[in-house]
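All remarks here apply to the structure that follows.
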Amino acid sequence: MTVTTERLAALDEPLEIAGRRFRSRLILGTGKYKDNETMIGAISASGAEIVTVAVRRVDLDRTKEEGILYHLDRERWSLLPNTAGCYTAEDAIRYAELGRAAGFTDWIKLEVIGDEDTLLPDVEGLLEAARTLVAEGFKVLAYTNEDLVAALKLEAAGVSAVMPLASPIGSGLGLLNPFNIRLIKSRLSVPVIVDAGVGTASDACMTMEQGVDGILMNTAIAAARDPVQMALAMKQATEAGRLSYLAGRMPRREQAVPSSPTTGMLD
Amino acid sequence: MTVTTERLAALDEPLEIAGRRFRSRLILGTGKYKDNETMIGAISASGAEIVTVAVRRVDLDRTKEEGILYHLDRERWSLLPNTAGCYTAEDAIRYAELGRAAGFTDWIKLEVIGDEDTLLPDVEGLLEAARTLVAEGFKVLAYTNEDLVAALKLEAAGVSAVMPLASPIGSGLGLLNPFNIRLIKSRLSVPVIVDAGVGTASDACMTMEQGVDGILMNTAIAAARDPVQMALAMKQATEAGRLSYLAGRMPRREQAVPSSPTTGMLD
Amino acid sequence: MTVTTERLAALDEPLEIAGRRFRSRLILGTGKYKDNETMIGAISASGAEIVTVAVRRVDLDRTKEEGILYHLDRERWSLLPNTAGCYTAEDAIRYAELGRAAGFTDWIKLEVIGDEDTLLPDVEGLLEAARTLVAEGFKVLAYTNEDLVAALKLEAAGVSAVMPLASPIGSGLGLLNPFNIRLIKSRLSVPVIVDAGVGTASDACMTMEQGVDGILMNTAIAAARDPVQMALAMKQATEAGRLSYLAGRMPRREQAVPSSPTTGMLD
Amino acid sequence: MTVTTERLAALDEPLEIAGRRFRSRLILGTGKYKDNETMIGAISASGAEIVTVAVRRVDLDRTKEEGILYHLDRERWSLLPNTAGCYTAEDAIRYAELGRAAGFTDWIKLEVIGDEDTLLPDVEGLLEAARTLVAEGFKVLAYTNEDLVAALKLEAAGVSAVMPLASPIGSGLGLLNPFNIRLIKSRLSVPVIVDAGVGTASDACMTMEQGVDGILMNTAIAAARDPVQMALAMKQATEAGRLSYLAGRMPRREQAVPSSPTTGMLD
Amino acid sequence: MNDTIQETITVTLNGEERQVPGGLTVSDLLAHLNLHDRSVVVERNREIIRRDEYAEVAIDAGDTIELVHFVGGG
Amino acid sequence: MNDTIQETITVTLNGEERQVPGGLTVSDLLAHLNLHDRSVVVERNREIIRRDEYAEVAIDAGDTIELVHFVGGG
Amino acid sequence: MNDTIQETITVTLNGEERQVPGGLTVSDLLAHLNLHDRSVVVERNREIIRRDEYAEVAIDAGDTIELVHFVGGG
Amino acid sequence: MNDTIQETITVTLNGEERQVPGGLTVSDLLAHLNLHDRSVVVERNREIIRRDEYAEVAIDAGDTIELVHFVGGG
């Protein structure tokens, strides 16, 4: 969309997940916006090509209320159904199958939550569900802990992307453990997409500088004072962090080094 | 230059220093590039409108070698001479006057260095020089410590901008003391531009999120593995941090908050 | 041993694990010391009452070389065998049973490692082994990730203590994720002992200030330039962090507050 | 006082300021305690040998109210009068002279404040006052910014100790800029004592690990929920940080290193 | 939906007991609920019904039916 | 303090105008204020009075006197 | 260890094939290895031998024996 | 620069003693050094020479001349 993004296309290879290629390294959630217009404005500003959706009951008493598909242009954005709210592998598998049955995609953002207060993942249940869903032919993008061993097992299970958290969902605490994220990225071949916890643009920028392949966020944009403006900030920050990672930062020095010549001074 | 920057113009007021207005909030140094072509490429990619230069003796034995003005399009970039390398108020004043005598500008980036190893400023000498130069009609942009009281005195002395450091010149250690920078910004009316120490894009993004008016950098770009690409990253990061500051980040929460509805779950 | 420790006894309740009470909140590993004399000196200086040991083959070719029990006064220190080096639940269970068969204790420091480079735990295997060993009557102290859900499951499995890591074994990177450690402590009833990663005294002090019940360390002392002196530092730091937690720190303020009266100034 | 402190005496040389030697590296303020009994209890628990006091008008209407000297055993604690509340060199000099005239000491904790909200020092005024007071024969302990050049000038002016802040007085924000503190310590010969901003025991421990000679604190103890207990924690933390610095910490490694042997495993 | 008189049957719809006409197919039910033009996924007694079966699969008394769709989520 | 009748004079004491008997020395003044047994530092018209001068230095009308001591401070 | 003449047998001891006299009990083996006075745990064919069985349990040809003890570890 | 024969004089140019023809103006000196087409600032005996004075100001023996310009710097 921006000249910069076009330049990016020249400077960076696309993000490839399950054989599909994307220019944007930002994936957006569609929850918690004050209205659909703001949601669409934010998604557009962010440049995201993939958006997540949740599977829920139709409200039979207000059938006028349309589902989110009524608002999302499916030519423009790829849907990524999630299993948010599932606390067992069995539930997550059921929601994944319902999401696939809608007929748009066999991709699933797999969440198996282990604790209501923190929404932190249950690694045991997650691995069980991932193995089953991969066997059923799903393309699984797995929301997980910043846990290297779990990440390696998810990759071995055949998931299409591993999505470790930066900090708890909706917390906005940012990247609490860059070391673990760097470690996970250094050991995996499938894309590593940091999911949850990013709170502000510098969090996104620093996260991309760890070398990860992308970021998935929702609350940081939806709960900003101006979501559309923050979405643009996040687009810029994600591109900046990626470019900075590719450009190769200067070495840190505890010693200062002048930027101006030390010779040619006057007497 | 990019659509984003045009959008920025709508979303943000320009940066105003000494009565002049700028769209870019990034000021670039011109030192330490491996060649002039890289320097020009980096400055162009960064979108900077102001570039700093140093005052040094002409090399009489290699008069073929041209000064930097031979390479810099003065229609495109405003020059900001510095007093780098000066260790006393007297020296700094002398260099400032030589810079002004070149006939391009009465702006001066004032440095009075107090220590050779760290290039940290000498607040006493800095205040003395600032008072004199303001009296001589210079527009003074003062490189200083992350020292609130020094910043307040510089403002009282009539400088056009206060430029506290993030960390030592050329160190790339990033924003060591965000608290002090936020404090200084909260108390001054003149522009606050963070000068020196930024090492990577996320440093620039986080620095702008403190609410400061701009950033001056040199080594982070010149010493990156790919300076032109890093310059673009810095442009994006600076815009992202500014936008993020204006958009208003989400509140931090130690408690998680779901992004998907908790109602409408299946039995 | 020191007056301070006696005062501590009055200020703090003892650490209780599996029905046994300890004054010291520091558990020491016995590996990697340059000689046994240094090891004994360090353990003595640390005030630790529990020390870990590993289960390994007797070296049949150097039967003069005695096992560690030859050096450790078992009246003075309780042994805690570990399952270090085990990569499956089955192996860990085998080592645990061998450790118990030595006839000193039914306590086991359970490690199920998932990755050779980082020695990070395999949560799946850890839970499986913990459930089996608890059923076999072991008192299990489980080395685990800073993973709340895994910690809750370990507690549900009946372990005697949950031991999340501060950072990888032997890395000395300190407490990378205080938030998760605080979170785990806030949700568990069994003792939470931070195991691995502490590198220096302030790491230990800060870790105890999160409210955890104790710390297990080895390399930070064994690999210090002066292990005995560092052991004393760690003792002091652990007591200091505990006391500080109990005493209740002052509130943080972004505003300064004078320590001297603002009244009674002269004209 | 404690066995540990006695061991410390063997492990560490005393702190020497202006030719006097002290065992404790902790200096305490006497302000803001809820009552004198708590103050005395806290000072005693801290092991401090030097305490600061302020110079203020006698309250003529309540002449029953005694000054602090009525409560402080001058055999046990050395007094260090301060110039808190002074905003000019002239005022600070006046208060210093009044403090000396009380007849107990020619030491002065020099503060020249530049801003009411933050109580941050005015480096210009500080240097002016320091030069005058040194010339008048005072032993000056100068409260200053974490500013290397100011510290070097204070040393050149002949002060007996340089006391950079960790963060603003009474803020409890801890050591905001360890880099600058380490830098200052590495360049000065006179004692470097970190003054103000320490909020909790781990702050004190980490501060001492930078290699500084001591810490001056007040609010962190007086405003703790249990000041006496926190005073003991601070004593322990200061000793721990000092010992840890002397013992030499282990190297940090991004790679894990096992604490148990990797050989002798079973088949 | 045939036009002969029908008695109503009770089914569990999205967790609530509801009366609906007897003899409905899934298609009939969606029409009955004004959801025929909506992309709704139907689960009957914990089994997902494929779209192309909507016209055949009958709703019986006592069935547990879940009608779900996509909503905003992260 | 001699016992002949004295008129009072006005001085500024710690910032407040006060009436005190005329002809007092610093020692007298401290006694008059019940501060004689206290370690108080005396500044008279911006000049510090040495302890050993308390008995000689007289307090005159219009003097500005500061009486200070140590209090708790950080 | 009885004193009649014995042929040697081959066992796997801590991962290595070794010749030991035939007809040894665990106690005999430990003595033979000069480990009788050491607190060593014995695993025979993946089964831990209780201390009080050392005198009865015989070592047979082809046995896999592990002799372990505690060493320094974290 | 007039064409009559000139003796050379010694000046300190950017810190080094140099022989230059006598009777030069600043303009002459710059031309002599091939700097006439360059934006160079001239300081003579610690005083900056304004551009419009280049043609008048003469260079005398013993002068200390600094010729400076802008270079890359941060």
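Residue numbers (my numbering), protein chains in the order written: chain U, 1137 to 1403; chain E, 1137 to 1403; chain P, 1137 to 1403; chain H, 1137 to 1403; chain A, 9 to 82; chain D, 9 to 82; chain L, 9 to 82; chain C, 9 to 82.
Where a beta carbon is used, it is the ideal one built from N, C-alpha and C, also for glycine.
**OP:** Would you kindly report the start and end of the unbroken beta strand (DSSP E) that includes Ser1214 (chain E)?
**Re:** 1214–1217
Original post:
How would you call Thr16 (chain C), buried or exposed, if buried means at least 16 neighbouring beta carbons within 10 angstroms?
Top reply: So Thr16 (chain C) counts as exposed.
Original post:
What residue does the beta strand (DSSP E) around Gly1235 (chain U) start on, and which one ends it?
Top reply: Gly1235 (chain U) -> not in any beta strand (DSSP E); alpha helix (DSSP H) instead, spanning 1225–1237.
**OP:** Let me know the secondary structure DSSP gives Pro1394 (chain U) once reduced to three states.
**Re:** coil
Original post:
Could you check where the alpha helix (DSSP H) with Leu21 (chain L) kicks off and where it finishes?
Top reply: Careful: Leu21 (chain L) lies outside any alpha helix (DSSP H), inside the beta strand (DSSP E) at 16–21.
Original post:
Count the other CB atoms within 10 Å of the CB of Lys1245 (chain E); is the residue buried (16 or more) or exposed (fewer)?
Top reply: Burial call: buried.
Original post:
Which residues, taken in chain order from the stretch 14–27 of chain C, show a beta carbon closer than 9 Å to some beta carbon of chain U?
Top reply: Thr20, Asn22, Gly23
**OP:** Return the residues of the stretch 1245–1257 of chain P that lie within a Cβ-Cβ distance of less than 9 Å from chain U, sorted by chain order.
**Re:** Ile1249, Gly1250, Asp1251, Asp1253, Thr1254, Leu1256, Pro1257
Original post:
Got a sec, what are the start and stop residues for the alpha helix (DSSP H) Leu1382 (chain H) sits in?
Top reply: Residue range 1363–1383 is occupied by the alpha helix (DSSP H) that includes Leu1382 (chain H).
Subject >> Exposed unless 16 or more other CB atoms sit within 10 angstroms - verdict on Tyr1206 (chain E) >> reply: exposed
Original post:
Does any residue of chain A bring its CB to less than 7 Å from the CB of Thr1336 (chain U)?
Top reply: Not one beta carbon of chain A lies nearer than 7 Å to the beta carbon of Thr1336 (chain U).
**OP:** Note down, in chain order, every chain C residue with its Cβ under 7 Å from the Cβ of Ile1204 (chain E).
**Re:** Phe78, Val79, Gly80
**OP:** Throw me the rounded Cβ distance for the Arg1161 (chain H) and Leu1151 (chain H) pair, which I believe falls under 8 Å.
**Re:** 5 Å
Original post:
In whole angstroms, what is the alpha-carbon distance linking Asp1171 (chain H) and Ser1182 (chain H)?
Top reply: 17 Å
Original post:
Between Glu74 (chain D) and chain P, is there a C-beta pair that is closer than 7 Å?
Top reply: yes
Original post:
Are the stretch 1256–1263 of chain E and the stretch 1278–1288 of chain H touching by the rule of at least three beta carbon pairs closer than 8 Å?
Top reply: yes
Original post:
From the beta carbon of Leu1162 (chain E), is the nearest beta carbon of chain H less than 7 Å away?
Top reply: No, Leu1162 (chain E) does not count as interfacial toward chain H.
Original post:
At least one CB of chain L closer than 7 Å to the CB of Met1137 (chain H): is that the case?
Top reply: Caution is warranted here: a pLDDT of 36 is assigned to Met1137 (chain H), below 50, making its placement in the model unreliable, and no coordinate value can be reported.
Original post:
From Thr1241 (chain E) to Phe1274 (chain E), what distance separates their C-alpha atoms?
Top reply: 9 Å
Original post:
Does any residue of chain E bring its CB to less than 7 Å from the CB of Thr1355 (chain U)?
Top reply: yes
Subject >> Distance, Ala1359 (chain U) Cα to Leu1312 (chain U) Cα >> reply: Rounded to whole angstroms, the gap between the alpha carbons of Leu1312 (chain U) and Ala1359 (chain U) is 20 Å.
Original post:
Using a Cβ-Cβ cut-off of 7 Å (strictly less than) and excluding sequence neighbours within five positions of Gln1346 (chain U), which residues of its own chain qualify?
Top reply: Pro1314, Ile1317, Arg1318, Lys1321
**OP:** Reducing DSSP to helix, strand and coil, say where Glu1291 (chain H) ends up.
**Re:** helix
**OP:** Would you kindly work out how many angstroms separate the C-alpha atoms of Leu38 (chain L) and Leu1216 (chain P), rounded to a whole number?
**Re:** Whole-angstrom Cα-Cα distance: 25 Å.
**OP:** Return helix, strand or coil for Ala66 (chain A), following the three-state DSSP convention.
**Re:** strand
Subject >> Within chain H, the residues that Glu1379 (chain P) reaches when beta carbons sit closer than 8 Å >> reply: The question names Glu, but residue 1379 (chain P) is Leu in the sequence shown. Neighbours of Leu1379 (chain P) on chain H, chain order: Ala1337, Gln1365, Met1366, Leu1368, Ala1369, Gln1372.
Original post:
For Trp1213 (chain P), which option in P:Ile1163, P:Gly1155, P:Leu1379, P:Glu1272 has the closest C-alpha, if you only look at C-alpha atoms?
Top reply: P:Ile1163
Original post:
Unbroken alpha helix (DSSP H) runs of length 4 or more, entirely within the stretch 1283–1365 of chain P: which are they?
Top reply: 1284–1293, 1314–1323, 1337–1345, 1355–1358
Original post:
Residues in its own chain within less than 8 Å of Arg26 (chain A) by CB, not counting five upstream and five downstream?
Top reply: Non-local C-beta neighbours of Arg26 (chain A) in its own chain, meaning closer than 8 Å and more than five positions away in sequence, comprise Thr18, Val19, Thr20, ordered along the chain.
Original post:
Quick one: Cα of Val50 (chain A) to Cα of Gly1350 (chain P), how far?
Top reply: 53 Å
Original post:
Terminal residues of the continuous beta strand (DSSP E) containing Ala1184 (chain H)?
Top reply: Ala1184 (chain H) -> no beta strand (DSSP E), and no H or E assigned at all.
Original post:
By the criterion of Cβ-Cβ separation under 9 Å, what are the contact partners of Val65 (chain D) in chain H?
Top reply: Simply none; closest approach about 14 Å.
Original post:
Taking the continuous beta strand (DSSP E) assigned at His44 (chain C), which residues delimit it?
Top reply: His44 (chain C) -> no beta strand (DSSP E), and no H or E assigned at all.
Original post:
What's the gap between the Cα of Glu1291 (chain U) and the Cα of Asp1251 (chain P)?
Top reply: 14 Å
Original post:
How big is the Cα-Cα spacing for Leu1352 (chain E) and Val1189 (chain U)?
Top reply: 42 Å
Original post:
What does Val34 (chain A) pair with, by DSSP beta-bridge criteria?
Top reply: Bridge partners of Val34 (chain A): none, in fact.
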